[in-house]
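Undergrad: Here this note's numbering is used: the first residue of the sequence shown is 87, the next is one more, and so on. Encoded as C-alpha cells, here's the structure I'll be asking about.
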Amino acid sequence: MTQDELKQAVAQAALDFIKPDLKPEAIIGIGTGSTANLFIDALATVKDRFRGTVASSDASAKRLRDHGIEVFDMNQVEKLAVYVDGCDEANRKLHLIKGGGAALTQEKIVASIAKTFVCIADESKAVQKLGAFPLPIEVIPMARSAVARKLLKMGGNPVYREGVVTDNGNQILDVYELDIKDPEAMETAINNIPGVVTNGLFAHRPADVLLLGTKDGVKKLSVINTMAEDGEFY
C-alpha cells in the first residue's frame, strides 16, 4: 500500500473506533494535517449522528464547515469524548512529536480536554526514540532569537521556519539534533524558556490509542499492549 492508502485506512479505522461516541450531544475534537483531513472527510459521512466539533486550526475548521459540520469555539466546550489527530512521530509510550503543520498549540489545548486522544498515523511515524523529526516550537516573535540561543545550549540546532505564521500570530522554530532521552522532562524544560508558547512534544498528555497503518493492516496500539523496550514497536 502507498502512504496515502495507509493514511486513508487509518482515517476509516478512526471513524469505526469512535462510532460508539457519536451521540446527539457529542462534540468531537479534530486535529490538523493530511491524515486528519482524511478523517474529516470520513466523519462527514456520519455528520447527522453528533452535535459538532472543535477544530485545532483554521484550516481544519474550514474543511469541517465545508462538509456542513458545525465547529464550536473552544470556550463553549467543557470536555470532549474523543480527540482525533495525526502525528509526526510516535514512540512505544505513545509520546508524540507534533507541529509539522504549525498547529501544535491549539492541538495541545484541544487534547487537554479530551477523555480519549486517538492518534492516527502510517507506519513511517513509529520510532523507537523521538527526535529524528525536528521538534517544532511555537515562539513569540520578539523572543525568537533569545529562545534559539537557549536551545543551542540544550544541544539542539534551531531553524526558523520562514514565512510561517501560526493561527495565534506567532512563529515556529524547528529544532534538529535534540537528544530526547526523556520526553516529559524535555517538554517541561523547553516550555519553561521565556518566549516559548509551547513545543511539539506530547509527552505529559500522550495519545491513549495509536491507530497505525501498516502493510499488514491497521494496528490498534496502546501503552499497555506495546512490546518490551528491547522489542519491535509493533
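Using N, Cα and C, we set each Cβ at its ideal position, and we do this for glycine too. Everything numeric in this text was worked out from a predicted model, so none of it was measured.
Do you know how far the Cα of Tyr246 is from the Cα of Ile226?
TA: Counting from 1 along the sequence shown, the entry for residue 226 is found at position 140. Counting from 1 along the sequence shown, the entry for residue 246 is found at position 160. Distance between the alpha carbons of Ile226 and Tyr246: 12 Å.
Undergrad: The alpha helix (DSSP H) spanning Pro244 covers which residue range?
TA: Looking up residue 244 in the sequence shown gives position 158. Note, Pro244: premise wrong, no alpha helix (DSSP H); beta strand (DSSP E) at Asn243 to Tyr246.
Undergrad: Can Gly217 and Asp171 be called in contact, C-beta distance under 9 Å?
TA: Position 131 of the sequence shown, counting from 1, holds the residue named residue 217. Position 85 of the sequence shown, counting from 1, holds the residue named residue 171. No. Outside cutoff.
Undergrad: Buried or exposed, going by whether 16 or more other CB atoms sit within 10 Å of the CB of Met272?
TA: As a first step, residue 272 must be located in the sequence shown, where it is residue number 186. Met272 is buried by the Cβ-count criterion.
Undergrad: Per DSSP, Ile223 is paired with what?
TA: Taking the first residue of the sequence shown as 1, we reach residue 223 at position 137. Answer by DSSP bridge pairing, in chain order: Leu259 and Asn285.
Undergrad: Leaving out the 5 sequence neighbours to the left and right, which residues in its chain are closer than 6 Å to Arg230 when beta-carbon positions are compared?
TA: What you label residue 230 is simply residue 144 of the sequence shown in a count that begins at 1. Sequence-distant partners of Arg230 (beyond 5 residues in either direction) whose C-beta falls short of 6 Å from its own C-beta, in its chain, are Gln257.
Undergrad: Could you pull the start and end residues of the alpha helix (DSSP H) that Val233 belongs to?
TA: As a working note, residue 233 is residue 147 in the sequence shown. Arg230 to Lys239 is the extent of the alpha helix (DSSP H) around Val233.
Undergrad: Can you round the beta-carbon distance between Leu180 and Cys205 to whole angstroms, since I take them to be within the 8 Å contact cut?
TA: Taking the first residue of the sequence shown as 1, we reach residue 180 at position 94. Taking the first residue of the sequence shown as 1, we reach residue 205 at position 119. The Cβ separation is near 7 Å, so the contact holds.
Undergrad: If we count the other Cβ atoms within 10 Å of its Cβ and call it buried at 16 or more, is Lys194 buried or exposed?
TA: Here residue 194 is taken as the residue at index 108 of the sequence shown, counted from 1. Buried is the call here.
Undergrad: Spatial neighbours of Val304 within its chain, please: CB distance less than 6 Å, with the 5 preceding and 5 following residues excluded, ordered by chain position.
TA: Residue 304 sits at position 218 when you count from the first residue of the sequence shown. Correct list, in chain order: Ala95, Val96, Ala99 and Leu297.
Undergrad: Output the distance between the C-alpha atoms of Gly185 and Ala128, rounded to the nearest integer angstrom.
TA: By one-based count along the sequence shown, residue 185 stands at place 99. By one-based count along the sequence shown, residue 128 stands at place 42. If you take the alpha carbons of Gly185 and Ala128, they lie about 23 Å apart.
Undergrad: Starting from the C-beta of Asp302, find all residues in its chain whose C-beta is less than 8 Å away, skip the five residues before and the five after it, and write them out in chain order.
TA: Taking the sequence shown and counting its residues from 1, the one referred to as residue 302 is at position 216. No residues qualify anywhere along the chain.
Undergrad: Do Leu259 and Pro269 have their CB atoms nearer than 9 Å?
TA: Working through the sequence shown from its first residue, we reach residue 259 at position 173. Working through the sequence shown from its first residue, we reach residue 269 at position 183. Not closer than 9 Å, so no.
Undergrad: Between which two residues does the beta strand (DSSP E) containing Thr131 stretch?
TA: What you label residue 131 is simply residue 45 of the sequence shown in a count that begins at 1. Following the DSSP letters along the chain, one finds Thr131 in no beta strand (DSSP E), marked with neither H nor E.
Undergrad: Scan the region 167-217 and note each continuous beta strand (DSSP E) run of 3 residues or more that stays entirely inside, going in chain order.
TA: 200-208
Undergrad: So, with DSSP's three-state summary, where would you put Thr118?
TA: For the purposes of this step, residue 118 is taken as the residue at position 32 of the sequence shown. Coil at Thr118, not helix or strand.
Undergrad: Distance check for Ile199 and Asn161, CA to CA, integer angstroms please.
TA: What you label residue 161 is simply residue 75 of the sequence shown in a count that begins at 1. What you label residue 199 is simply residue 113 of the sequence shown in a count that begins at 1. Whole-angstrom Cα-Cα distance: 11 Å.
Undergrad: Buried or exposed: Arg235, going by 16 or more other Cβ atoms within 10 Å of its Cβ?
TA: Position 149 of the sequence shown, counting from 1, holds the residue named residue 235. Exposed: under 16 other Cβ atoms inside 10 Å.
Undergrad: Ile271 bridges to which residues according to DSSP?
TA: Start at 1 with the first residue of the sequence shown, and residue 271 comes out as number 185. Per the sequence presented here, residue 271 reads as Ala, with Ile not at that position. None, per the DSSP bridge assignment.
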